[in-house]
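A quick write-up on the structure given underneath.
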Amino acid sequence: MSHEDVKDKIPAKPSDQCLRLVSFNVNGVKTLKNYYPWNERPGYDEALTFMKADIITFQELKLQRNDIDTSIANPIDYLSFITIPQKRKGYSGVGIFVRKPTSDCSDIMRKALTVEKVEEGITGYLHLKKAQKSYRDCIDDERYEDLCIGGYPDLDNSVEGRHIDSEGRCILIEVGIGLVIIAVYCPANSGSTEEGEEFRLSFLQCLFERARNLLALGKQVVILGDINVSPDLIDSDESISDGLTAGKIKKPYDPANFEKENKDQVTAFKTSTKARKLLNAYLYDTSGMDARHDGKVLHDVTREIQGRKLKMYSVWNTQKNNRPMNIGSRIDLFLATTDIARSALESDIWPFLYGSDHCPIFCDFDLSNQHLSSSIERSHL
Numbered sequence: 001m002s003h004e005d006v007k008d009k010i011p012a013k014p015s016d017q018c019l020r021l022v023s024f025n026v027n028g029v030k031t032l033k034n035y036y037p038w039n040e041r042p043g044y045d046e047a048l049t050f051m052k053a054d055i056i057t058f059q060e061l062k063l064q065r066n067d068i069d070t071s072i073a074n075p076i077d078y079l080s081f082i083t084i085p086q087k088r089k090g091y092s093g094v095g096i097f098v099r100k101p102t103s104d105c106s107d108i109m110r111k112a113l114t115v116e117k118v119e120e121g122i123t124g125y126l127h128l129k130k131a132q133k134s135y136r137d138c139i140d141d142e143r144y145e146d147l148c149i150g151g152y153p154d155l156d157n158s159v160e161g162r163h164i165d166s167e168g169r170c171i172l173i174e175v176g177i178g179l180v181i182i183a184v185y186c187p188a189n190s191g192s193t194e195e196g197e198e199f200r201l202s203f204l205q206c207l208f209e210r211a212r213n214l215l216a217l218g219k220q221v222v223i224l225g226d227i228n229v230s231p232d233l234i235d236s237d238e239s240i241s242d243g244l245t246a247g248k249i250k251k252p253y254d255p256a257n258f259e260k261e262n263k264d265q266v267t268a269f270k271t272s273t274k275a276r277k278l279l280n281a282y283l284y285d286t287s288g289m290d291a292r293h294d295g296k297v298l299h300d301v302t303r304e305i306q307g308r309k310l311k312m313y314s315v316w317n318t319q320k321n322n323r324p325m326n327i328g329s330r331i332d333l334f335l336a337t338t339d340i341a342r343s344a345l346e347s348d349i350w351p352f353l354y355g356s357d358h359c360p361i362f363c364d365f366d367l368s369n370q371h372l373s374s375s376i377e378r379s380h381l
C-alpha cells in the first residue's frame with residue numbers, strides 16, 4: 001500500500017458535531033517514528049492530527065519521567081495528560097490527548113473538548129497533587145470537590161488501591177458534556193502467575209464498577225484502550241484455530257454461519273477465563289445468543305457497528321510475523337454506556353497503520369444525537 005493510500009484510508013469526520021476518539025497501543029511511543037506515517041511527522045502534534053482525532057489515547061508509552069519533554073507533554077494543538085509507573089521504568093504508561101477547541105468549533109464540540117476534571121488511576125486512592133490527599137478524600141472536601149470525578153469503586157483497602165494504580169495504567173477525564181472518558185492499559189498477566197491474575201482481576205473489577213457508578217451518577221462513560229481481553233470467540237484467532245484442530249469447532253461452508261453452527265463453543269467462550277467472564281458480566285451481548293441484561297452497563301461499540309465480522313483483529317504476534325496473515329485477536333475496545341453508544345456513527349480498526357504490534361481503533365460519536373442530547377441536559381441539572 002502506498003503512502004497516499006494510507007492517508008486516504010483515514011476518513012474525514014462526518015460533521016463538525018462529531019467527536020472522534022482514537023485509541024492506539026503504541027508499544028513504546030519512541031518506536032512510532034521508525035514507521036510511516038509517523039517518520040514523516042516527527043512532532044506529536046502532526047501524528048495526532050494525522051488521525052483527524054479530537055481525543056486520542058496511547059497505551060504502553062514506555063516512558064521514564066525524564067523522557068517526557070515538551071513535545072509530548074505540551075503539544076501545540078492538544079492538551080496532554082500522562083501517567084507512568086511509579087517504580088518500574090520504561091513500562092506501561094498511558095497518555096490522553098485532547099484537541100484544543102478552535103474558533104470554528106460548534107458550541108457542543110467546544111464543550112466536548114473542554115476538560116473539566118482529570119484523575120490519575122481508577123481507584124481514587126492516588127493523591128490529587130494540589131491537595132496532597134486522595135481523590136476519595138477530596139470529594140468530601142468543599143475546597144477540592146469540584147476537581148474530583150467521583151463514582152469510586154467499592155474498595156476499602158487504600159494500600160491495595162494505591163497498588164492497583166501504581167503501574168500507570170489509567171487516566172480519567174470529564175469533559176463539558178457530562179461524559180467521562182477512561183483511557184486504560186489493562187493488565188494481561190503475561191507471566192500467568194497467581195499474583196498477576198489477582199492483580200488483573202482487581203483492576204478490571206475496579207474499572208467496570210467505576211463505569212457503573214458513574215452511570216448511576218448521571219454521567220455517560222466511554223472506556224477505551226487495550227482491555228487485554230477478547231470478548232467473543234470470533235475475536236480470538238488462536239482460540240478458533242485450537243478448536244478446529246481439536247475438532248470442537250466446525251468450519252462452515254458460509255463463514256457468516258460460524259457462530260450459528262458453533263453456538264455451544266461461542267457461549268462457553270464468554271466465561272472461559274475469569275477475566276473474560278468479568279468483562280461479559282458488564283457487557284451487553286452482541287452475538288444474539290444471550291438476551292439477559294441484568295448488571296449490563298457497557299456496549300462493545302465497534303462490534304455493534306461492524307456486526308459479526310470475522311478476522312477483525314487489533315493485535316498480532318509480530319515475532320511470528322502473524323500480521324500479514326491476519327492471525328490475531330481483538331482486545332482494543334470502546335466500551336460505552338447506552339446513550340453515548342447509541343450516538344456512535346462509525347467505529348472500526350485501522351490495520352493499515354503500523355508502528356506497533358497493535359493497530360489504532362477509532363469511533364465517531366454524533367453529539368447532536370437525541371439520546372445523547374437528553375443525557376447531556378440531565379447531567380447539567
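292 is the number that the UniProt record's numbering gives to position 292 of the sequence shown; each next residue is one higher, with no gaps.
Glycine included, C-beta positions come from ideal geometry on N, C-alpha and C.
Every unbroken stretch of the beta strand (DSSP E) spanning 3 or more residues and falling wholly within the segment 158-203 is given here in chain order: 170-175, 179-185. For A268, the three-state secondary structure derived from DSSP is helix. Where V98 is concerned, the enclosing beta strand (DSSP E) starts and stops at 94-99.
By the C-beta density criterion, A344 is buried, having at least 16 other C-beta atoms within 10 angstroms. The shortest C-alpha to C-alpha distance from I223 to any of V301, I149, E197 is the one to V301. R88 sits exposed, since fewer than 16 C-beta atoms from the chains shown fall within 10 Å of its C-beta. Separation of D146 and I139 (C-alpha to C-alpha, rounded to the nearest whole angstrom) is 7 Å. When the beta-carbon positions are compared, I340 and F362 stay at least 8 Å from each other.
Under the three-state reduction of DSSP, K117 is assigned to strand. With respect to the C-alpha of F352, the residue from L333, E116, E346, N326 having the closest C-alpha is N326. In the structure shown, the three-state DSSP call for T273 is coil. Beyond the five residues adjoining it in sequence on each side, S80 comes within less than 6 Å, by CB distance, of A73, F97 in the same chain, given in chain order.
By the neighbour-count definition (other C-beta atoms within 10 Å, threshold 16), P360 is a buried residue. Membership of Q306 in the alpha helix (DSSP H) is indicated by the continuous run 301-306.
The Cβ atoms of G95 and I108 do not sit closer than 8 Å to each other.
Nearest to L283 by alpha-carbon distance, out of K274, G295, L32, is G295.
For D348 and E194, the gap between their C-alpha atoms comes out near 34 Å.
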